[in-house]
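Chemist: Per the working numbering, the very first residue in the sequence shown carries number 4; after that it's consecutive.
For every residue, glycine included, the Cβ atom is placed at its ideal position computed from N, Cα and C.
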Amino acid sequence: MEISVWSVEVDERFRWLEDRVSSSLRPRGEDLRRMTVDEHNRVTFLSFCNHSESRCIFVHVVRTDAGDGEVIKVSSSPPSRVNDKAMVFLKCSHASKLTRENLAQDVIYSECSTSPLGHLDLVMQEVYLPLMTPSTGSHTHTNDKLLDLLHRISSSMQVTNGYSQGKVVLPLPSVTTLAQTAFTSPDRHSVVVHVLETAVVTWMKQVKMALHCEPTGAISRKAGKYAGPLEEIKFWEARQQRLESVREQLSSIPILTILHNLELMHSTYAQGFSHAQYNIAQAAQEAEHCLGFLRTWKPWLVRLHDAQHPSTVATSFPPVMAVLLLIWQHSGYYGQKPALHRLLTLLANEVVTKTRDIVGCDLLGNPTKSLSDLKLALRVCAAFRGCYLDYKQRADTWLKTETPAGQVTGSAVSTGGKGSVQETHCGWPLRNSKVFHAMNVIMERCNDLMELVHTIRDFSELSLVGEGGRGITTTEVVIGDVHSKFTEAVRVFSSGKQDLLSVGGEGHFESQFFAFRRKVQELEGQLGREIGVWLQRSPSLQAKLRIMELFQWSSRRDTVRAILSPHHESVMTTILSDMQDVLHILTSSQPPLLPHTPPTATRLLWLRGLEERTSGAVGVLRYAAPQLLEGELGWKLRQTYSELTERLNSFRERRRGSGWMGSHLASVKDSQIWS
4 MEISVWSVEV
14 DERFRWLEDR
24 VSSSLRPRGE
34 DLRRMTVDEH
44 NRVTFLSFCN
54 HSESRCIFVH
64 VVRTDAGDGE
74 VIKVSSSPPS
84 RVNDKAMVFL
94 KCSHASKLTR
104 ENLAQDVIYS
114 ECSTSPLGHL
124 DLVMQEVYLP
134 LMTPSTGSHT
144 HTNDKLLDLL
154 HRISSSMQVT
164 NGYSQGKVVL
174 PLPSVTTLAQ
184 TAFTSPDRHS
194 VVVHVLETAV
204 VTWMKQVKMA
214 LHCEPTGAIS
224 RKAGKYAGPL
234 EEIKFWEARQ
244 QRLESVREQL
254 SSIPILTILH
264 NLELMHSTYA
274 QGFSHAQYNI
284 AQAAQEAEHC
294 LGFLRTWKPW
304 LVRLHDAQHP
314 STVATSFPPV
324 MAVLLLIWQH
334 SGYYGQKPAL
344 HRLLTLLANE
354 VVTKTRDIVG
364 CDLLGNPTKS
374 LSDLKLALRV
384 CAAFRGCYLD
394 YKQRADTWLK
404 TETPAGQVTG
414 SAVSTGGKGS
424 VQETHCGWPL
434 RNSKVFHAMN
444 VIMERCNDLM
454 ELVHTIRDFS
464 ELSLVGEGGR
474 GITTTEVVIG
484 DVHSKFTEAV
494 RVFSSGKQDL
504 LSVGGEGHFE
514 SQFFAFRRKV
524 QELEGQLGRE
534 IGVWLQRSPS
544 LQAKLRIMEL
554 FQWSSRRDTV
564 RAILSPHHES
574 VMTTILSDMQ
584 DVLHILTSSQ
594 PPLLPHTPPT
604 ATRLLWLRGL
614 EERTSGAVGV
624 LRYAAPQLLE
634 GELGWKLRQT
644 YSELTERLNS
654 FRERRRGSGW
664 MGSHLASVKD
674 SQIWS
């Protein structure tokens, strides 16, 4: 029979489906009729009935935006989303083709909801557990085992369902079923007591789990490795809500009734559970105590978290640290080492997050901007470190003044109204402590990235030299080869699609950066040797200075500077010798007389020529290779240049003053004699 052909049997099978869908999903009559006339639904259902390979179908409600309301769909695959409730129809293992005779026997159907565990527990409580209650007093040992087993399964489902929602649930047994069992079968009291005691044991485990407090792991699991201090507040707020929920459950009528009945039966489990409410109250008071201090810190943390500009981030550190100091001084809990270190770790993580936001992702696209962003990020980290050290000094001073001989003091914090817990204040950790590990690592990474960006920016200038844009065209082949190899090295480094600011992990950045640095050192060696050849072939000092000016960035590269060190020393020696010659000329020679030029003007022109002879070379060194002026030879060159400049200025001022006035008076006297 073809699927498109309709018969009485097909109508009967659809009527069977309509009855089940109507009783479970309770759709409107119009929606149910549209389900039966929809061609896709018919094809899917008939394929399920007629083909052995089709084992299950799903019936679910879809809300449309076209104004049609709700549409019932029949599909062979589970829906991606269930609005309220759905149904699943499953063939038995021996069934192949479904007819109106075997449809009811060979098909298993059930409901599915958005909360499958809650739905299954409801079925367990309302369907299966009542079946364990016999209508008469007769029972078997198997019934007792099944009663206990079903309650254990129901308890596990309630606990798991609550855990999936972030709650601590104290599972309740089926009180109605147990009461009816005890009433109809008095000899089964032991089974009922056993089920109730098992429930109490589960409650004790749940209470113990609710009392367990391990903030570091919980915050890390929820917010990741860069969790900020606001997560500490969220943790205590969630803990307070869980404890209040457990306290309400412990005070509920069903639990109090069960405990009262167990006490009447002289059960030891009820007596051992008597301290649960007290412990929960103590833990809730501790959570409220911590939140009382953290709420005063929250406005400043929100300001830091919302800050976008680096200057705003830096100005947010002092109030944050000031409030943290007050919390540490007055809170017994946060005066302890684990709690204080956790807050500082979270605060350092917030600084790391701000650093990542400042730097951004596209570091290699715009080296100039990336270099500026990296410097700003390092300034933010340095501002936090400096602010922390200032308040650490205040904390150390407070410890010394509050305790004699620098001993650690205790701060009594009431936790239950009946006593106090002696909490101790610890000192603030050093800046290289483990709590600042993430920030220290990110600062090291920023320094590595600054080196990377500096290298890219320096080698990018080779493209200008290779094009002959600065006057050297004979080096196009060598420069072009070095530049192309460097471009390929950058491409290989950036091809990993990795987060350059991601620290930890498997060390992909470290290995790739190490390989990149080795390649750069190789290219620097090749470039340094070529520049050395060009310097050696240069006929004059001016030509060598021109090459040094052209490759001024190479003096910042250690490998290139080491290779060019002999050539640089030769250039500096030549400049120093030239300055010494100028100094000798200045002290032992007289300026030449120029025709038709006054003597004073002749001397000033002579001094200007001597000054330009040396100042140009020193200016090129200061621009192209300032590192060369730091060594012993550089110090000698600077001293000689300072002495020469001082003598030139002194000689110039003297000639401008007494020399000019003397020549003027002499000319006046000559004019008087001739008159």
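1. For lysine 639, which residues of its own chain have a beta-carbon under 8 Å away from its beta-carbon, when the five flanking residues on both sides are left out?
2. So, are the CB atoms of leucine 329 and isoleucine 236 less than 7 Å apart?
3. Tell me, which residues are paired with arginine 31 by DSSP?
4. Taking the alpha carbon of valine 480 as the reference point, which residue from Asn443, Lys403, Glu533 has its own alpha carbon closest?
5. If you compare alpha carbons, which of Glu614, Met160, Leu132 is closest to glutamine 120?
6. With a threshold of 8 Å, are at least 3 pairs of Cβ atoms found where one atom belongs to the segment 569 to 576 and the other to the segment 619 to 631?
7. By the three-class DSSP mapping on this structure, what secondary structure does methionine 268 have?
8. Under 8 Å by Cβ, that's how I've got aspartate 461 and tryptophan 609 pegged, so tell me the actual separation to the nearest angstrom.
9. Rounded to whole angstroms, what's the CA-CA distance from cysteine 216 to phenylalanine 92? Just pull it up for me.
10. Could you give the distance in angstroms between the alpha-carbon of phenylalanine 17 and the alpha-carbon of valine 40?
11. If contacts are defined as beta-carbon pairs under 8 Å, then arginine 245 and valine 162 qualify, I think. What distance do you get, rounded to the angstrom?
12. Whole angstroms is fine: what's the gap from alanine 492's alpha carbon to histidine 457's?
13. Which residue from His192, Arg58, Ala628, Val74 puts its Cα closest to that of histidine 43?
14. Verify whether the separation of the beta carbon atoms of methionine 324 and cysteine 390 is less than 7 Å.
15. Only counting the same chain, and skipping five residues up and downstream in sequence, which positions put a Cβ closer than 6 Å to that of glutamine 209?
16. In its own chain, which residues sit with a C-beta less than 7 Å from the C-beta of threonine 356, not counting the 5 before and 5 after it?
17. With glutamate 464 as the anchor, note down where its beta strand (DSSP E) starts and where it stops.
18. Look up glycine 419 in the DSSP assignment and say whether it is helix, strand or coil.
19. Starting from the Cα of serine 193, find the closest Cα among Ser167, Ile222, Glu234, Leu150 and give me that residue.
20. Kindly identify the DSSP beta-bridge partner or partners of alanine 89.
21. What do you reckon, are the CB atoms on phenylalanine 439 and phenylalanine 387 nearer than 7 Å?
22. Starting from serine 78, trace the alpha helix (DSSP H) in both directions and tell me its first and last residue.
23. Counting Cβ pairs closer than 8 Å, one from the segment 305 to 315 and one from the segment 272 to 290, do we hit at least three?
24. Have a look at the DSSP bridge pairing and note the partners of valine 110.
25. Does the Cβ-Cβ distance between valine 362 and alanine 351 come in under 7 Å?
26. How big is the Cα-Cα spacing for threonine 371 and threonine 299?
27. Quick check on proline 602: does DSSP put it in helix, strand or coil?
28. Got a sec, what are the start and stop residues for the alpha helix (DSSP H) threonine 356 sits in?
29. Do you know how far the Cα of leucine 347 is from the Cα of leucine 327?
30. Okay, do the segment 252 to 261 and the segment 192 to 206 touch, 3+ Cβ pairs below 8 Å being the bar?
31. Check glycine 227 in the structure and name its three-state DSSP category.
32. Does DSSP classify glutamate 217 as helix, strand or coil?
33. Confirm, please, whether the CB-CB distance from lysine 76 to serine 116 is below 7 Å.
34. Using 7 Å as the threshold, is the C-beta distance between methionine 90 and valine 110 below it?
35. Rounded to whole angstroms, what is the Cα-Cα separation between glutamine 539 and arginine 611?
36. Which of helix, strand or coil does DSSP assign to valine 506?
Modeler: In short:
1. Taking the sequence shown and counting its residues from 1, one reaches residue 639 at position 636. Counting only Cβ-Cβ distances below 8 Å, and skipping sequence neighbours, we find Leu579.
2. The residue you call residue 329 lines up with position 326 of the sequence shown. The residue you call residue 236 lines up with position 233 of the sequence shown. No, the Cβ-Cβ distance between leucine 329 and isoleucine 236 is not below 7 Å.
3. The residue labelled residue 31 in the question sits at position 28 within the sequence shown. None; arginine 31 has no bridge partner.
4. Walking along the sequence shown from the start, residue 480 turns up at place 477. When C-alpha distances from valine 480 are compared across Asn443, Lys403, Glu533, the shortest belongs to Glu533.
5. Residue 120 sits at position 117 when you count from the first residue of the sequence shown. At residue 120 the sequence reads leucine, which differs from the glutamine that was named. Nearest C-alpha to leucine 120: Met160.
6. yes
7. Looking up residue 268 in the sequence shown gives position 265. Of the three classes helix, strand and coil, the one that applies to methionine 268 here is coil, per DSSP.
8. Walking along the sequence shown from the start, residue 461 turns up at place 458. Walking along the sequence shown from the start, residue 609 turns up at place 606. Not quite, the Cβ-Cβ distance comes to about 41 Å (not below 8 Å), so this is no contact.
9. On the sequence shown, position 213 is the one that residue 216 refers to. On the sequence shown, position 89 is the one that residue 92 refers to. So the two alpha carbons sit approximately 45 Å from each other.
10. The count along the sequence shown starts at 1 and reaches residue 17 at position 14. The count along the sequence shown starts at 1 and reaches residue 40 at position 37. C-alpha separation (whole angstroms): 10 Å.
11. As a position in the sequence shown, residue 245 is number 242, starting the count at 1. As a position in the sequence shown, residue 162 is number 159, starting the count at 1. Not confirmed; about 14 Å, so no contact.
12. Counted from its first residue, the sequence shown places residue 492 at position 489. Counted from its first residue, the sequence shown places residue 457 at position 454. Going by the C-alpha atoms only, they are around 15 Å apart.
13. Within the sequence shown, residue 43 is the residue found at index 40, counting from 1. Per the Cα distances, Val74.
14. The residue you call residue 324 lines up with position 321 of the sequence shown. The residue you call residue 390 lines up with position 387 of the sequence shown. The answer is yes: Cβ separation under 7 Å.
15. Translated into the one-based positions of the sequence shown, residue 209 becomes position 206. Answer for glutamine 209: Val171, Leu173, listed in chain order.
16. In the sequence shown, counting from the first residue as 1, residue 356 sits at position 353. Residues Tyr229, Gly231 of the same chain have their beta carbon placed closer than 7 Å to that of threonine 356, with the five preceding and five following residues left out of the count.
17. Translated into positions along the sequence shown, residue 464 becomes position 461. From DSSP, glutamate 464 is part of no beta strand (DSSP E); its letter is neither H nor E.
18. Taking the sequence shown and counting its residues from 1, one reaches residue 419 at position 416. Residue confidence for glycine 419 is low, a pLDDT of 40 falling below 50, so the modelled location carries little weight; the figure read from the coordinates is stated next. Note: glycine 419 maps to coil in three-state DSSP.
19. Residue numbering aside, residue 193 sits at position 190 when the sequence shown is read from its first letter. Residue Leu150 is the option with its Cα nearest to serine 193.
20. Taking the sequence shown and counting its residues from 1, the one referred to as residue 89 is at position 86. The partner list for alanine 89 (beta bridge, DSSP) reads His63, Cys115.
21. Counting from 1 along the sequence shown, the entry for residue 439 is found at position 436. Counting from 1 along the sequence shown, the entry for residue 387 is found at position 384. No, the Cβ-Cβ distance between phenylalanine 439 and phenylalanine 387 is not below 7 Å.
22. Residue 78 sits at position 75 when you count from the first residue of the sequence shown. That residue, serine 78, is in no alpha helix (DSSP H); its beta strand (DSSP E) goes 73 to 78.
23. Touching, no, given that fewer than three Cβ pairs across the two stretches are closer than 8 Å.
24. As a working mapping, residue 110 is identified with position 107 in the sequence shown. Lys94, per the DSSP bridge assignment.
25. The sequence position of residue 362 within the sequence shown is 359, counting from 1. The sequence position of residue 351 within the sequence shown is 348, counting from 1. Cβ distance not < 7 Å, so valine 362 and alanine 351 don't count as in contact.
26. Residue 371 sits at position 368 when you count from the first residue of the sequence shown. Residue 299 sits at position 296 when you count from the first residue of the sequence shown. Cα to Cα, threonine 371 sits roughly 41 Å from threonine 299.
27. The count along the sequence shown starts at 1 and reaches residue 602 at position 599. Three-state result, proline 602: helix.
28. Position 353 of the sequence shown, counted from the start, is the residue given in the question as residue 356. Threonine 356 -> alpha helix (DSSP H) spans 340 to 362.
29. Taking the sequence shown and counting its residues from 1, one reaches residue 327 at position 324. Taking the sequence shown and counting its residues from 1, one reaches residue 347 at position 344. About 9 Å.
30. yes
31. The count along the sequence shown starts at 1 and reaches residue 227 at position 224. In the structure shown, glycine 227 sits in coil (DSSP, three-state: anything other than H, G, I, E or B).
32. One-based indexing of the sequence shown puts residue 217 at position 214. It is coil, neither helix nor strand.
33. Mapped onto the sequence shown, residue 116 falls at position 113. Mapped onto the sequence shown, residue 76 falls at position 73. Taking C-beta atoms as the reference points, serine 116 and lysine 76 fail to come closer than 7 Å.
34. One-based indexing of the sequence shown puts residue 90 at position 87. One-based indexing of the sequence shown puts residue 110 at position 107. Not in contact: methionine 90 and valine 110 (Cβ atoms no closer than 7 Å).
35. Taking the sequence shown and counting its residues from 1, the one referred to as residue 539 is at position 536. Taking the sequence shown and counting its residues from 1, the one referred to as residue 611 is at position 608. Taking the straight line joining both Cα atoms gives about 30 Å.
36. The residue labelled residue 506 in the question sits at position 503 within the sequence shown. If DSSP states are grouped into helix, strand and coil, valine 506 belongs with coil.
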